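>
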Amino acid sequence: MLNVGKIEEGFVLDHIAAGKSLSIYEHLQLDKLDCTVAIIKNARSNKKGKKDILKVECDINTLDLDVLAFIDHNITVNVIKNGEIVEKKDLVLPRQIKNVIRCHNPRCITSIEQELPHIFYLADAEKEVYRCKYCEEKYTEMAK
Amino acid sequence: MRHLMSPLDFSTEELDKLFDLANDIEQNPQKYAHACDGRILATCFYEPSTRTRLSFESAMTRLGGRVIGFSDAASSSAAKGESVSDTIRIISCYSDICAMRHPKEGAPMVAAERAGIPVINAGDGGHQHPTQTLTDLLTIRSMKGKLDNFTIGLCGDLKFGRTVHSLINALVRYKNIRFIFISPEELKVPDYITDMLKERNIPYEEVIRLEDVMPHLDILYMTRVQKERFFNEEDYVRLKDFYILDTVKMTLAKKDILVLHPLPRVNEISVEVDDDPRAAYFKQAQYGVYVRMALILTLLELA
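Here the protein sequences line up with chains A and B, keeping their order.
My numbering applies: residue 522 is where the first sequence begins, and numbers increase by one.
My numbering applies: residue 155 is where the second sequence begins, and numbers increase by one.
#1: Roughly how many angstroms lie between the CA atoms of Ile528 of chain A and Lys568 of chain A, to the nearest whole one?
#2: Quick one: grab the DSSP three-state call for Lys408 of chain B.
#3: Of all Cβ atoms in chain A, is any one closer than 9 Å to the Cβ of Val318 of chain B?
#4: Could you tell me the alpha carbon to alpha carbon distance between Glu647 of chain A and Ile194 of chain B, rounded to whole angstroms?
#5: Rounded to whole angstroms, how far is the Cβ of Leu169 of chain B from the Cβ of Asn275 of chain B, which I believe are closer than 8 Å?
#6: Is it buried or exposed for Ser249 of chain B, if we count other Cβ within 10 angstroms and need 16 for buried?
#7: Can you give the Cα-Cα distance for Lys665 of chain A and Arg268 of chain B, rounded to whole angstroms?
#8: State the Cα-Cα distance for the pair Tyr375 of chain B and Ile545 of chain A, rounded to the nearest angstrom.
#9: In the region 212 to 272 of chain B, which residue ranges form an unbroken alpha helix (DSSP H) of at least 4 residues, counting only runs that do not cross its ends?
#10: Check whether the region 575 to 584 of chain A touches the region 553 to 564 of chain A, counting contact only when three or more Cβ pairs, one atom from each stretch, lie closer than 8 Å.
#11: Give a yes or no on whether the minimum CB-CB distance between Gly277 of chain B and chain A is below 9 Å.
#12: Only counting runs of 3 or more residues, tell me where the beta strand (DSSP E) segments fall wholly within the region 327 to 357 of chain B, in order along the chain.
#13: With a Cβ-Cβ cutoff of 9 Å, do Leu291 of chain B and Leu312 of chain B count as a contact?
#14: Whole angstroms is fine: what's the gap from Leu614 of chain A's alpha carbon to Leu534 of chain A's?
#15: Extract the residue ranges of the alpha helix (DSSP H) inside the region 554 to 641 of chain A, only unbroken runs of 4 or more that lie entirely within it.
#16: Please determine if the region 214 to 221 of chain B and the region 181 to 198 of chain B are in contact, where contact requires at least 3 C-beta pairs separated by less than 8 Å.
#17: Out of B:Arg205, B:Glu353, B:Leu412, which one is the CA nearest neighbour of Ala434 of chain B?
#18: Between the alpha carbons of Phe314 of chain B and Thr452 of chain B, how many angstroms are there, rounded?
#19: With DSSP as the reference, identify every bridge partner of Ala434 of chain B, one or two as the case may be.
#20: Under three-state DSSP, which class holds Leu325 of chain B?
#21: Taking Cβ positions only, does Met368 of chain B come closer than 9 Å to chain A?
#22: If you measure from the beta carbon of Arg628 of chain A to each beta carbon in chain B, is any gap under 9 Å?
#23: Do you know how far the Cα of Leu637 of chain A is from the Cα of Ile618 of chain A?
#24: Tell me which residues share the same chain as Met663 of chain A and place their Cβ nearer than 8 Å to its Cβ, disregarding the 5 neighbours each side in the sequence.
#25: Anything in the region 245 to 275 of chain B with a Cβ closer than 8 Å to a Cβ of chain A? List those residues in chain order, please.
#26: Give me, in chain order, the residues of the same chain whose beta-carbon lies closer than 8 Å to that of Asp302 of chain B; leave out the 5 immediate sequence neighbours on both sides.
#27: Strictly under 9 Å for the Cβ-Cβ distance: is Ser237 of chain B near chain A by that measure?
#28: When DSSP labels each residue in this structure, what does Leu162 of chain B get in the three-state scheme?
#29: What separation, rounded to the nearest whole angstrom, lies between the Cα atoms of Glu359 of chain B and Glu236 of chain B?
#30: Please list, in chain order, the chain A residues whose beta carbon lies closer than 8 Å to that of Gly307 of chain B.
#31: So if I threshold CB-CB distances at 9 Å, which residues from the region 631 to 650 of chain A count as touching chain B?
#32: According to the Cβ coordinates, are Ile630 of chain A and His283 of chain B closer than 9 Å?
#33: Give the interface partners of Cys656 of chain A over in chain B, defined as CB-CB distance under 7 Å, in chain order.
#34: Once you ignore the five residues that flank Met155 of chain B on each side, which residues in its own chain have a CB closer than 7 Å to its CB?
#35: Using the C-alpha atoms, what's the distance from Asp580 of chain A back to Asp555 of chain A?
#36: Where Tyr441 of chain B and Met297 of chain B are concerned, what is the direct C-alpha to C-alpha distance, given to the nearest angstrom?
What follows is the structure, encoded as structure tokens:
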């Protein structure tokens, strides 16, 4: 069993679906932070059997919770101060996301317009459906 | 400042006001002959569309305004690689209102975000064509006197036809509308539309033969069945005649049925039906000018 030490200040993202941590690392642009990041893959989980965990030693405000909620709103976000969990944040599906995913509809204006942001809005919260602001094409996992 | 991107941008109350204005224009054209004196409409058409463009040009001219523009991308700065955002900023300096058609979906919305003037979506790819829907609604309201309590049959290509999807989305806001979708299996209305109707408890049925439902319809909205939509020639030949409206099928219809078509037609309505007083598709084209006149006045806040 691998041991990764406690962090003093930052956040721990727990219950990430096994194998998804790297994708979250990229979406949250953690590579751009000058701090300690631990990526734990396939950790043992009582609930799921396997899970991923991310430990990031930095200011909690640097984390874009909207992006995280879009990727998986079932992730647990633990805020750490002085080595202890001081807060658990609930993730809520964001109403709009900007430049997190791209519209893959070749007929959409985003495919040709210079520097146009790729904006998706939450069209159906129950079914977790996001649509492109411009062409209204439904975002599908395949296009992620 | 308001724009028109989708037919749902206007509430039903706002649509009533717009249609009242269109009807007043129809009755009293002289009253509006100088309403847009000194105003300029820019028609930015990145793909050819004679009918819609001329309808906008006719509308502005009848209001006393003037029109500038281009009718295909090749004759615009888009051919040099200019973005929609830049083009509309320039057009905003030259005109007071813009009607834009673009093959890319969402292009008029990009224009509206950057424009200093109202932008009307005059068709963006297979996405929206709101002024066609306004035309359809005005025609129904003017000729039936109401936009509720009727059975409408939509016939032909219900899968790819954006005018059909827009019209359904606009009509579900009114009371007691019953839909009958008449199409081959290959061109059935998409699931997201029927799912929406189920969710809202709006009655609909899907049938293959037009003759079977003709007696029940208050309105028949015809669309063109395009050969290229079929996987093989055999299926096309087998099905295409189901969707040709002729005088024989018209004998099955109610005495006051309204036959509509967004035009252009190819052969799906026999020419002999044109003389039937229930054929309203050319009148519909006339209403297309009135509703665009009313829309220009409304967006320019001159109404």
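The C-beta atom is built at its ideal place from N, Cα and C for all residues, glycine as well.
Values in this document were obtained by computation on a predicted structure and should not be read as measured data.
In short, the structure shows the following:
#1: Computed Cα separation, rounded: 24 Å.
#2: It is coil, neither helix nor strand.
#3: It does not; no Cβ of chain A falls within 9 Å.
#4: Rounded to the nearest angstrom, the gap between the Cα atoms of Glu647 of chain A and Ile194 of chain B is 46 Å.
#5: Actually they are not in contact, since the Cβ atoms of Leu169 of chain B and Asn275 of chain B sit about 16 Å apart, beyond 8 Å.
#6: It is buried - the Cβ of Ser249 of chain B has at least 16 other Cβ atoms within 10 Å.
#7: Annotation note: pLDDT 41 at Lys665 of chain A (below 50); position unreliable, no value reported.
#8: It is roughly 49 Å from the alpha-carbon of Tyr375 of chain B to the alpha-carbon of Ile545 of chain A.
#9: As summarised for the region 212 to 272 of chain B, the continuous alpha helix (DSSP H) elements at least 4 residues long and confined to that stretch are 238 to 248, 261 to 268, given in chain order.
#10: Remark: three or more beta-carbon pairs, one from each stretch, lie closer than 8 Å, so the region 575 to 584 of chain A and the region 553 to 564 of chain A are flagged as touching.
#11: So, not an interface residue.
#12: Assignment of beta strand (DSSP E) within the region 327 to 357 of chain B, counting only whole runs of 3 or more residues, yields 331 to 336 in chain order.
#13: Taking 9 Å as the Cβ cut-off, Leu291 of chain B and Leu312 of chain B do not qualify as a contacting pair.
#14: Taking C-alpha positions only, Leu614 of chain A is separated from Leu534 of chain A by approximately 16 Å.
#15: The alpha helix (DSSP H) runs lying completely inside the region 554 to 641 of chain A and spanning 4 residues or more are 586 to 592, given in chain order.
#16: Flag = yes, the region 214 to 221 of chain B and the region 181 to 198 of chain B touch.
#17: Ala434 of chain B has its Cα closest to that of B:Leu412, out of B:Arg205, B:Glu353, B:Leu412.
#18: In this structure, the CA atom of Phe314 of chain B is about 31 Å from the CA atom of Thr452 of chain B.
#19: Note: Ala434 of chain B sits in no beta bridge, so no partner.
#20: If DSSP states are grouped into helix, strand and coil, Leu325 of chain B belongs with the helices.
#21: Closer than 9 Å: no.
#22: At least one beta carbon of chain B lies nearer than 9 Å to the beta carbon of Arg628 of chain A.
#23: CA-CA distance, Ile618 of chain A to Leu637 of chain A, rounds to 14 Å.
#24: The predicted model places Met663 of chain A with a pLDDT of 48, which falls under 50 and marks its position as unreliable, so this point remains unresolved.
#25: Contact residues of the region 245 to 275 of chain B toward chain A are His256, Pro257, Lys258, Glu259, Gly260, Ala261, Met263, Val264 (C-beta to C-beta distance below 8 Å).
#26: Sequence-distant Cβ neighbours of Asp302 of chain B in its own chain, meaning closer than 8 Å and more than five residues away, are Tyr328, Lys329, Asn330, Ile331.
#27: So, interface residue.
#28: It is helical.
#29: Roughly 47 Å between the two C-alpha positions.
#30: Here the premise fails: no neighbours, minimum Cβ distance about 26 Å.
#31: So the list reads Thr631, Ser632, Ile633, Glu634, Gln635, Glu636, Leu637, given in the order they occur along the chain.
#32: No.
#33: For Cys656 of chain A, the residues of chain B that pass the 7 Å Cβ criterion are Glu259, Gly260, His281, in the order they occur in the chain.
#34: In its chain, beyond the 5 residues on either side, Pro272 have a beta carbon closer than 7 Å to the beta carbon of Met155 of chain B.
#35: Straight through space, the alpha carbons of Asp580 of chain A and Asp555 of chain A are spaced by roughly 11 Å.
#36: About 10 Å.
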